[in-house]
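What follows is one structure encoded as structure tokens, with my remarks underneath.
Here is the structure:
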């Protein structure tokens, strides 16, 4: 009896981090304060680094064309926001990345091949050509051109992702 109780206690202690993480994901709510930099993101990412990839509605990859999907740092999809006004995904829960390129690569790598990047290196810097097979230069519509834009804390970045220092 004592041995089985001890075994059960050890099993619980070993699995506690997993149980804790899953409980946090199941009970997560979206941040509702407009002035919060994590507005619209799961509250478990508060104080963490997040990458959001938004697509034009008609061009989004099949699994990401209805609102915004939230994917944790380990690749687990745990929440969707069908009411969000953009389509795509946010991958978050990261910390310790000093530059945008490092964070983007960590986010992409955590999802396997789902958000695979295609890039071209130019003399002026790195150009992201496509994300998850979506290439803005191949889009057609009522606009003069399409491109990826980079925002940092909600503000359009004036520098490229390889030079973007995160704060």
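In full-length UniProt numbering, the protein residues as written are 1 to 167.
Backbone N, C-alpha and C define an ideal beta-carbon position, used for all residues, glycine too.
Give me, in chain order, the residues of the same chain whose beta-carbon lies closer than 8 Å to that of residue i; leave out the 5 immediate sequence neighbours on both sides.
i, result
"residue 39", "31, 32 and 33"
"residue 84", "40, 67 and 68"
"residue 87", "54, 55, 56, 57, 60, 64, 65, 66, 67 and 68"
"residue 164", "99, 100, 101, 150, 152 and 157"
"residue 43", "28, 29, 30 and 31"
"residue 103", "49, 51, 94, 97 and 166"
"residue 141", "56 and 58"
"residue 37", "153 and 154"
Looking at the unbroken beta strand (DSSP E) that takes in residue i, where does it start and where does it end?
i, result
"residue 130", "125 to 131"
"residue 89", "87 to 94"
"residue 39", "Where residue 39 is concerned, there is no enclosing beta strand (DSSP E), given that its DSSP letter is neither H nor E."
"residue 119", "117 to 122"
Mind checking who residue i pairs with in its DSSP beta bridge?
i, result
"residue 49", "94"
"residue 77", "71"
"residue 108", "Its beta-bridge partners do not exist; DSSP assigns none."
"residue 151", "156"
"residue 30", "42"
"residue 99", "165"
"residue 55", "87"
Where residue i and residue j are concerned, what is the direct C-alpha to C-alpha distance, given to the nearest angstrom?
i, j, result
"residue 45", "residue 81", "15 Å"
"residue 148", "residue 47", "25 Å"
"residue 20", "residue 105", "For residue 20, the predicted structure reports a pLDDT of 49, less than 50, and the residue's modelled location is therefore unreliable. A value from the coordinates is still provided. Straight-line Cα distance between these residues: approximately 26 Å."
"residue 167", "residue 95", "11 Å"
"residue 107", "residue 73", "7 Å"
"residue 121", "residue 97", "22 Å"
"residue 78", "residue 110", "14 Å"
"residue 137", "residue 62", "19 Å"
Could you spell out where the alpha helix (DSSP H) holding residue i opens and where it closes?
i, result
"residue 166", "That residue, residue 166, is in no alpha helix (DSSP H); it is neither H nor E in DSSP."
Cα-Cα, which of the options is closest to residue i?
i, options, result
"residue 57", "89, 70 and 42", "89"
"residue 123", "160, 62 and 167", "160"
"residue 91", "43, 52, 121 and 142", "52"
"residue 112", "76, 162 and 70", "76"
"residue 118", "78, 70 and 131", "131"
"residue 71", "137, 133, 115 and 138", "115"
"residue 125", "139, 137, 162 and 154", "162"
Only counting the same chain, and skipping five residues up and downstream in sequence, which positions put a Cβ closer than 7 Å to that of residue i?
i, result
"residue 135", "129"
Tell me which same chain residues have a C-beta within less than 6 Å of the C-beta of residue i, skipping the five on either side of it?
i, result
"residue 146", "136 and 139"
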